[in-house]
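Asker: Pasting a structure below so you can have a look.
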Amino acid sequence: MDKPVSLSVKAWIIRNMSVRTQTQESLIETVINHQFDSAYIALDNCNSLEFSGFGKLFFNKPKALKKLEKFKSQMNEFHRIIEDPLTTDVKRRNIELKLESTIKNFNYLNTKLNERTSYHRRVEEQVVPLEEVERNDIESEP
5 MDKPVSLSVK
15 AWIIRNMSVR
25 TQTQESLIET
35 VINHQFDSAY
45 IALDNCNSLE
55 FSGFGKLFFN
65 KPKALKKLEK
75 FKSQMNEFHR
85 IIEDPLTTDV
95 KRRNIELKLE
105 STIKNFNYLN
115 TKLNERTSYH
125 RRVEEQVVPL
135 EEVERNDIES
145 EP
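Right under this line is the structure:
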């Protein structure tokens, strides 16, 4: 089945899965949104992310360093335009908004590059410590 031009890829996938599994579209959309939100958070905390059966995504440090340099030069250029007396008020306001966005991106990327990241796997915590379970097993034996 080909995707109609009027539907986004996400909406088309949700609709196909809904028909194929006879599940409500809203439920499928909730699951998909949760998965991608979790993936976004995981990639924010780690430098790689693997989707089982799909592939692995990596944080590209060399590309990030180039992007960081680009942000620096953009910020310098924006400051120059803002300080120029010939800049109109409308243009100055637009550049200030761009500068604000660029600063946020720069700070995020700078933090990501300079933080020490570690490998985090989601491991469920045991409700009852293993020693307590073993002790209870031993005590219950006749």
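Residue numbers (my numbering): 5 to 146.
Cβ coordinates follow ideal geometry from the N, Cα and C atoms, glycine included.
(1) What is the C-beta distance between Ile32 and Ser22, in whole angstroms, given that I count them as a contact (C-beta under 8 Å)?
(2) In this structure, how does DSSP classify Glu54 when only helix, strand and coil are distinguished?
(3) From Tyr112 to Ser10, what does the alpha carbon distance come to, in whole angstroms?
(4) How far does the alpha helix (DSSP H) with Lys71 in it extend, from its first residue to its last?
(5) Name the residue from Arg19, Cys50, Glu29 whose alpha carbon lies nearest to the alpha carbon of Asn118.
(6) What number of angstroms, rounded off, separates the C-alpha of Thr34 from the C-alpha of Ile85?
(7) Could you tell me which of Leu101, Phe75, Phe63 sits nearest to Lys116, measuring between CA atoms?
(8) What is the DSSP secondary structure of Leu61, counted as helix, strand or coil?
(9) According to DSSP, simplified to helix, strand and coil, what is Glu33?
Answerer: With the given structure in hand:
(1) 6 Å
(2) strand
(3) 35 Å
(4) 65-87
(5) Cys50
(6) 44 Å
(7) Phe63
(8) strand
(9) helix
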